[in-house]
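Worksheet: the structure to be examined is printed underneath.
Protein chains: 2
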Amino acid sequence: MRRTTNTIDYLAETEELARFAKALGHPTRIKILNYLENQSCCFTGDLLEVIPLAQSTISQHLKELKAAGLIQGEVNPPKIKYCINQENWDKAKQLFNNFFSDRNIVSCE
Amino acid sequence: MRRTTNTIDYLAETEELARFAKALGHPTRIKILNYLENQSCCFTGDLLEVIPLAQSTISQHLKELKAAGLIQGEVNPPKIKYCINQENWDKAKQLFNNFFSDRNIVSCE
DNA sequence: ATTATTAATCGTATATTTGCGATGAACTTA
DNA sequence: TAAGTTCATCGCAAATATACGATTAATAAT
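Next comes the structure, spelled out in C-alpha cells:
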C-alpha cells in the first residue's frame, strides 16, 4: 500500500476499537467466539467438528483472535485449551458499548 | 481464494454481526462514525479537514459504511449530506450488545 | 455557455486476508 | 524407541482491502 504520505494519528481508543472490530469481522471467528461463550473453553478439535474448514485455517483464525487478545490458549498436552480472555473481553464490551452510546442526537444543520 | 470446497452455513445473525464488525474494523471508519455521532451529519469536505487522506480514499470508506448500512447519504446539491442510519445503527448496537452479553460463565471441563 | 464546486468512480499499485495441503514441533502412549 | 495425537507454521494461490491520482458526473454560480 502506498501510505508513505501520512501516518495518521488516531486516538488510542479508536485504534483499539478498530482492532477488536476487525477481529470480529469474519463469521468464522464470530462462530468460534459464540462457541466459547457457551462452552467456556474448547480445543481446536472441537471446532473442527462444528466448522467445515481445514485444521490449518481454523488454527489461523484462533491465532488472530489470540493476537487481538480476545482469547487465550493454555497448554493441556497434547491439546491446547482455548478460553475467552475475560479481561480483554470486558474491555472490548466496554469500548463497543461506549461507541454505540455516545450518540448525540440533534437536528441536522 | 480457494473456497471451492465448502459454502459454510452461518446463522444470519452471525453474518450480520460480522458484516457490521468488518465495517468498524478500520480506524478511519471509526473516526468518521465518531464524527457523525457528534455532528449528526457531515459532508465529505468536513472529513477532509479532519482526516489527512485523499478525497477518493475517504469517499471509499464512506461507500463501505453505506454498504454496511451504518450511514446514509442525502443529496444536498452540490454536496452530499451523510448521517448515521439510525435503524441499522440500533440493530448493530443490539447485535453487539447481545454478543457480549450472552456469555455463559461456568467452570471449565 | 463557461467555470467552479463537490463527490463518485476508474485504474493502478501494494498489502493484507483467507484458504489449503504439507510439514514440523511437542507431547503421549505403546 | 517408534508410532500416534494435536496443533502451529510454512509456502503457496487467490481474493479483498487500502490508498492514490486522474477523470467523470452533477449541480451551482457567473
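Note that the protein sequences, when read in sequence, are chains L and P. Residue numbering for the first sequence follows UniProt numbering, beginning at 1 and increasing consecutively. Residue numbering for the second sequence follows UniProt numbering, beginning at 1 and increasing consecutively. We treat Cβ as the ideally placed atom computed from N, Cα and C, and that holds for glycine.
Return no unless some Cβ of chain P is closer than 9 Å to the Cβ of L:I51.
-> Yes, its Cβ sits closer than 9 Å to a Cβ of chain P.
Taking the alpha carbon of P:I105 as the point to measure from, which residue in L:L36, L:D46, L:S56 has its own alpha carbon closest?
-> With distances taken between Cα atoms, P:I105 lies closest to L:L36.
Contact check, L:L11 vs L:I32, beta carbons under 9 Å | No, the pair does not count as a contact, with Cβ atoms beyond the cut-off.
Under the three-state reduction of DSSP, which class applies to L:A18: helix, strand or coil?
-> Residue state, collapsed to three classes: helix.
Name the two residues that bound the continuous alpha helix (DSSP H) containing L:Y35.
-> Element bounds for L:Y35: 27-39.
Neighbour-count burial assignment, P:N34, 16 or more Cβ in a 10 Å radius = With 16 or more neighbouring CB atoms inside 10 Å of its own CB, P:N34 falls in the buried class.
Considering only residues of the segment 48-99 of chain P, which uninterrupted alpha helix (DSSP H) runs meet the minimum length of 4 residues and lie entirely inside it, listed in chain order?
-> Listed in chain order, they are 55-67.
Alpha carbon to alpha carbon, what distance is there between L:C41 and L:R103?
-> Take the alpha-carbon of L:R103 and the one of L:C41: they are about 35 Å apart.
Within the 9 Å Cβ cut-off, does P:L40 reach chain L?
-> Position check: residue 40 of chain P holds Ser in this sequence, whereas Leu was assumed. Chain L contact via Cβ: present.
Say whether chain P places a C-beta atom closer than 9 Å to the C-beta of L:N34.
-> Yes, L:N34 counts as interfacial toward chain P.
Beta carbon of L:L24, beta carbon of P:A21: below 9 Å?
-> Contact flag set, yes.
Give a yes or no on whether the minimum CB-CB distance between L:H61 and chain P is below 9 Å.
-> By this cut-off, L:H61 is not an interface position.
L:K31 CB to nearest chain P CB: under 9 Å?
-> For L:K31, the answer is yes, since a Cβ of chain P falls inside 9 Å of its Cβ.
Neighbourhood of L:L48 by C-beta, 8 Å cutoff - its chain only, sequence neighbours within 5 removed = The residues are Q55, I58.
8 Å Cβ shell around L:I30 - same chain, five flanking residues per side excluded = Only L24 meet the Cβ criterion.
Excluding sequence positions up to five away, which residues of its chain have a Cβ less than 7 Å from the Cβ of P:N38?
-> Cβ within range, chain order: n/a, list empty.
Can you tell which of P:I51, P:A68, P:T44 has its C-alpha closest to the C-alpha of P:V75?
-> Minimum Cα distance to P:V75 is reached at P:T44.
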